[in-house]
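One structure is given below, encoded as structure tokens.
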Amino acid sequence: MRDKVISLARKSGGLFIASAVSLMFSFLFVFFLARLLGAELYGYIPLARSSQLILEAFLEFGLASALIKRLSSPDDQLKIIGTSLSLKTIAGGVSTLALIAMSLAAPPPMNIYILAMSPFPLFAFLLTNVRSVYSSKMELLKVSILAILPDFLRFCIAILLFYLGFGVLSGIFGYVGGAAITLALALAFLQRD
């Protein structure tokens with residue numbers, strides 16, 4: 001049974017990594033589009049979307065790490081899944097708050113468009129969680145916030161490091177090279193125990 005659970009965790013982790021890689025490519029495309037348009041041509045909107053994409057990408061990498069490395073027994077399966085879903089909900093809330101903050105900084109009418117985008121990350125994660133929770137008879141909600149907090153803080157620090165590093169390295173190695181180098185450094189940070 002334990003081998004099956006670990007195998008399931010690794011396969012799920014692989015799916016999370018594949019999703020994160022696709023999100024990273026989406027981030028690069030949308031970020032490039034934002035720079036191409038510029039602030040005077042609604043560039044704030046794809047810039048806000050790129051911020052949301054990079055947050056989701058790091059979340060997927062973090063969940064992959066948790067599933068692969070921390071699933072030690074079949075009894076931990078519900079706990080890991082519950083933690084993953086709770087982290088996704090929290091990240092949706094943070095992504096929503098980030099978009100609201102960007103809407104306050106953007107000039108009109110772009111601020112209205114960004115503000116209209118802001119609820120979608122939270123709603124998407126909440127809808128996913130509600131369906132999963134009902135299918136497992138509310139057991140997935142029995143997760144301590146204190147158990148989630150260290151991983152979530154690690155994700156936030158990794159995202160901050162990515163933004164700081166990307167801003168510096170993209171000027172030296174270009175967008176793709178800067179993103180690749182910074183992503184490798186941030187992932188090394190996420191893999192630390």
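Sequential numbering from 1 applies to the sequence shown in this note's numbering. Even glycine gets a Cβ: it sits at the ideal position worked out from N, Cα and C. Being a predicted model, the structure only gives us computed values, none of them experimental.
Quiz item: Excluding five sequence neighbours on each side, which residues of the same chain lie with their C-beta closer than 8 Å to the C-beta of L104?
Solution: For the purposes of this step, residue 104 is taken as the residue at position 104 of the sequence shown. So the list reads N111, once near-sequence residues are dropped.
Exercise. Quick one: residues in its chain with C-beta nearer than 6 Å to the C-beta of R35, no 5 flanking neighbours on either side, listed in chain order?
Key: Sequence index remark: in the sequence shown, residue 35 carries index 35 (1-based). Contacts found: none.
Quiz prompt | Beta-carbon contacts of L97 that lie in its chain and below 6 Å, excluding the five residues immediately before and after | solution = Translated into positions along the sequence shown, residue 97 becomes position 97. Correct list: empty, nothing qualifies.
Quiz prompt | For A106 and A116, the rounded distance between their alpha carbons | solution = Counted from its first residue, the sequence shown places residue 116 at position 116. Counted from its first residue, the sequence shown places residue 106 at position 106. Distance between the alpha carbons of A116 and A106: 13 Å.
Practice problem: Drop a sphere of 10 angstroms on the beta-carbon of P108, count the other beta-carbons inside from all chains shown, and report buried for 16 or more, exposed for fewer. | Solution: For the purposes of this step, residue 108 is taken as residue 108 along the sequence shown, with counting starting at 1. Answer is exposed; the Cβ neighbour count stays below 16.
Quiz item: Helix, strand or coil: which one does DSSP assign to A105?
Solution: For the purposes of this step, residue 105 is identified with residue 105 of the sequence shown, where counting begins at 1. A105: helix per DSSP, three-state reduction.
Quiz item: Quick one: Cα of G93 to Cα of G38, how far?
Solution: The count along the sequence shown starts at 1 and reaches residue 93 at position 93. The count along the sequence shown starts at 1 and reaches residue 38 at position 38. Looking at the two C-alpha atoms, the distance is approximately 27 Å.
Quiz item: Expressed to the nearest angstrom, what Euclidean distance is found between the alpha-carbon atoms of L99 and L28?
Solution: Here residue 99 refers to the residue found at position 99 of the sequence shown. Here residue 28 refers to the residue found at position 28 of the sequence shown. Their backbone Cα atoms lie some 18 Å apart in a straight line.
Quiz item: In this structure, does DSSP put G201 in helix, strand or coil?
Solution: In the structure as shown, the chain begins at 1 and stops at 193. Residue 201 is therefore absent and cannot be evaluated.
Practice problem: Whole angstroms is fine: what's the gap from I181's alpha carbon to V30's? | Solution: For this step, residue 181 is matched to residue 181 along the sequence shown. For this step, residue 30 is matched to residue 30 along the sequence shown. Cα to Cα, I181 sits roughly 19 Å from V30.
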